[in-house]
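The sequence shown begins at 391 in the numbering used here and counts up one residue at a time.
Notes to accompany the following structure.
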Amino acid sequence: VSHVVVSKAEGAVYRLSELEPSLRARSLASITGKDPRHVEAILREAERVLRVRGEVIITETRHGLVCANSGVDLSNVGEDRAAALPRDPDLSAQAIRRGIEEATGRKVAVIIADSHGRPFRRGAVNVAIGCSGIQPIWDRRGERDLYGRVLRSKQICVADELASAAELVMGQADEGVPVAIIRGYRYTPGEEGASSIIRPRGENLFL
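Here it is in C-alpha cells:
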C-alpha cells in the first residue's frame, strides 16, 4: 500500500498555505531553493537534520527512518498540500490488515511502502515503512550455502523486497495504483512490524 493514500486517509497532510515558516526553515530554504513552507513541514516531521546538500535535506524522522525531506511528499496530493508519513505505519498496516481479514475471512499480510534513496547508489526503491502479519526479516544465519559454508550474517529484508517488487506495478508518477496484491509468495507470519527493520544507532555504519 502506498504511504500517500494512507496519509491522506489519516489526515497526515499539510496545507502549505497554513504553515508559517520558522527562521530555520527560511534559512534552509535559501540554501536548498525549496519552498520555505515545504521546509517547515520537513522540519516538523524530523527528529534531527543530518545533511543538507544541493536541493536535498537528509533527516531522521520520528520513526527512525533516515531519508530525504523527512518523507514529506509533494506529489500525488494536489496543489498547496504535502503528505507526511503516517504517524505510526505499523499500526496503520495492522488496521488495514484487520479490515481486510474481517471483510474477506482470509489471512493476509499488509506492507505500507515509500520510495527511498540509498547511500552511494542512484535511483530510489520502495521500502517497507510499516507492516503487519508478516515477519519482515528472514534470518538465514546458521543455514548452509551450496558448498556447505555456514551463513554468518545472512538476514534478508523480505518486507523491503516485496515492497520494491510491488512498485513495478504501482509506479511513482501518474499510474494511479496505490495498492498492489502479491500472490504466491510463501511468507512467514509475524507481528514485529517494520520498525524492527531499523538499525539502532549503535549499529549504524554510515552516521
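All C-beta atoms, glycine included, are put in the ideal place defined by N, C-alpha and C.
The beta carbon of Ala473 lies closer than 6 Å to those of Val394, Ser397, Val403, Asp463, Val467 in the same chain, with the five residues before and after it left out.
Using a 10 angstroms sphere on the CB of Leu475, the tally of other CB atoms reaches 16 or more, which defines it as buried.
Contact between the region 405–415 and the region 426–435 is present: three or more C-beta pairs spanning the two stretches fall below 8 Å. Residue state for His453 is assigned as coil, using DSSP reduced to three classes.
For Ser407, no alpha helix (DSSP H) encloses it, and the DSSP letter there is neither H nor E. No Cβ-Cβ contact shorter than 8 Å links Ala563 with Ala503. Using a Cβ distance threshold of 8 Å, Pro579 and Gly523 count as a contacting pair. DSSP lists Asp529 as the beta-bridge partner residues of Gln545. Note on Thr451: 16 or more other CB atoms within 10 angstroms of its CB, so buried under the neighbour-count rule.
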